[in-house]
Amino acid sequence: QVRLAESGGDLVQAGGSLRLSCIVSGGYFTSNNIAWFRQTPGSLRDLVAVVRRDGSTNYADSVKGRFTISRDNAKSMVFLQMNNLKPTDTAVYYCNKELPTWDWGQGTQVTVSS
């Protein structure tokens with residue numbers, strides 16, 4: 002069974018930076034496109050960024066130019082470097098593969114104060 006463990010969330014001021022990490026255990030990492038999602042209360046999870054098996058990336062328009070997704074296949078980890086954070090980035094962030102997803106991890110809370 003695949004298990005996901007996100008970390009790195011924190012409370013930061015607007016304009017600050019954070020680096021999120023996710024470790025994927027249980028196999029299948031290198032054969033999948035891996036993504037970061039985020040969710041606010043009462044809303045669905047939104048796709049933030051995806052890194053494909055070949056290393057290519059895509060981003061939601063709201064984070065382009067500010068966030069960078071990367072992966073380390075040797076460690077089965079995916080990262081999200083978040084710069085110039087805005088209050089609208091406040092959410093719980095999750096990693097997972099693109100649909101169909103694995104079971105979700107606990108996520109990591111990012112709070113950006115104005």
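Positions in the sequence shown are counted from 1; adding 1 to them yields the working numbering. No residue lacks a Cβ here, since even glycine has one placed at the ideal position from N, Cα and C.
Exercise. S26 lies in the beta strand (DSSP E); which residues open and close that run?
Worked result: For this step, residue 26 is matched to residue 25 along the sequence shown. L19 to S26 is the extent of the beta strand (DSSP E) around S26.
For this session: For the beta strand (DSSP E) holding N97, just list the boundary residues, first then last.
Result: For the purposes of this step, residue 97 is taken as residue 96 along the sequence shown, with counting starting at 1. Element bounds for N97: A92 to K98.
Exercise. For T58, which three-state DSSP category applies?
Worked result: As a working mapping, residue 58 is identified with position 57 in the sequence shown. In the structure shown, T58 sits in a strand (DSSP, three-state: E or B).
Exercise. If you run the structure through DSSP and keep just helix, strand and coil, what is T31?
Worked result: As a position in the sequence shown, residue 31 is number 30, starting the count at 1. Three-state result, T31: coil.
For this session: With DSSP collapsed to three states, give me the class of T69.
Result: Translated into positions along the sequence shown, residue 69 becomes position 68. Three-state result, T69: strand.
Exercise. Where do the N-terminal and C-terminal ends of the beta strand (DSSP E) with S8 fall, by residue?
Worked result: Locating residue 8 in the sequence shown gives position 7, where the first residue counts as 1. Here the beta strand (DSSP E) through S8 covers R4 to S8.
Exercise. Run through DSSP, which three-state label would T109 get?
Worked result: As a working note, residue 109 is residue 108 in the sequence shown. Residue state, collapsed to three classes: strand.
For this session: Enumerate in chain order the residues of its own chain whose CB-to-CB distance from R53 is below 7 Å, with the five nearest sequence positions on each side excluded.
Result: Translated into positions along the sequence shown, residue 53 becomes position 52. If we look at R53 and ignore the five residues flanking it on each side, its Cβ neighbours are N34.
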